[in-house]
Amino acid sequence: MTRAQTKKIQDALSALVLHIWDDNKVSRMWRFIHYKVHVWECSMNGKIHACFGSMFGSLTFMYIEVVVEGNGGLFPWHGHLNAQEYPYDPANVTRKWRLLCISSNMVGLQHDKACQSELTGTKAELERVCELYLKMKKENEVINKKNEDLSKHLRVAEVKVGLSCKVAAEREARMNHDQFEALEKIKEENSRNMCNSISKLKMNILLNTQVTNGPFNAIRVDFNALYDVDIGVLRFDVCFPSSDAWDLFVSTWKNSEDFYLDKDPVENDNMIPPTEIDNVS
């Protein structure tokens, strides 16, 4: 039934009600017809639920049976109506109402089924998402705990590395200082020993020279023995000896066996006689 046909039915019923508005049964029937038309329009627009559609359908069947029961008893004014001016077929209207109710019930059931299916799918998807969220939350907690532990270890490692670098730098600086001081001491000691050795060598050379030019037997003098002689024991200046000190030295060392070689170098077979040296030259 189209909207234009529905409008025509409403207009016809309105004209009918204007004549017989005092009848309570017809008034109730008109209000019911008007309400059912409104329900049908809502159901066609998808605004009615399946359970309400079923309830309205059952009420429609019950009320229609009462309405169509005996035209003479229920509609005493039926004979005074003009059929051409007010064309109305209760059986046709009843059949159309039944079809509309069935259609509304089917639409409501389909809509309810679709809603139930969508609700079930949404519930399952929501449960799956909740499980994923809980799993992800636990993984995030584990990852955050590991990150915190790693951060702590990293800070401890940084502190240890800083302390190690500081200790290594201090140790290296102290080692360099100790090595520098030791090297300076070695240099100073070597310089002092070298100066003493040079001075002692100079004194021994001068002493050997004086001994060679003095009253000693220069050929038999052991100059290594003079190397061990402490210049300070002589109690005279080797470079500028006094006569008294020199005489004392001569008297002390002239007849000393430690001052001379055990064997005369001239008697050594390995030595070349002076005459041969002269011949060679």
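Residue numbering for the sequence shown follows our numbering, beginning at 18 and increasing consecutively. For each residue, glycine too, the CB sits at the ideal point set by N, CA and C. Predicted model only: the values in this text are computed from it and were never measured.
What is the DSSP secondary structure of Asn210, counted as helix, strand or coil?
-> helix
For Glu165, collect the residues of the same chain with a Cβ closer than 6 angstroms to its Cβ; drop the 5 residues on either side in sequence, then sort them by chain order.
-> none
Specify the secondary structure class of Asn272 as computed by DSSP and reduced to three states.
-> coil
Interface flag, Ser134 vs chain C, CB-CB below 8 angstroms | Checking the listed chains, one finds no chain C in this structure; it contains a single protein chain.
Please classify Gly125: is it buried, with 16 or more other beta-carbons within 10 angstroms of its beta-carbon, or exposed?
-> buried
Between Pro107 and Leu117, what straight-line distance do the alpha-carbon atoms span, to the nearest angstrom?
-> 15 angstroms
Just the C-alpha distance for Arg209 and Ala199, rounded to the nearest angstrom, thanks.
-> 15 angstroms
Exposed or buried, what is Ile81 when buried is set at 16 or more other beta-carbons lying within 10 Å of its beta-carbon?
-> Low per-residue confidence applies at Ile81: pLDDT is 41, beneath 50, and the placement is therefore not dependable, though the value from the model is reported in the following sentence. Classification of Ile81: buried, given that the 10 Å Cβ count is 16 or more.
Compute the Euclidean distance between the alpha carbons of Arg145 and Lys155, then round it to the nearest angstrom.
-> 15 angstroms
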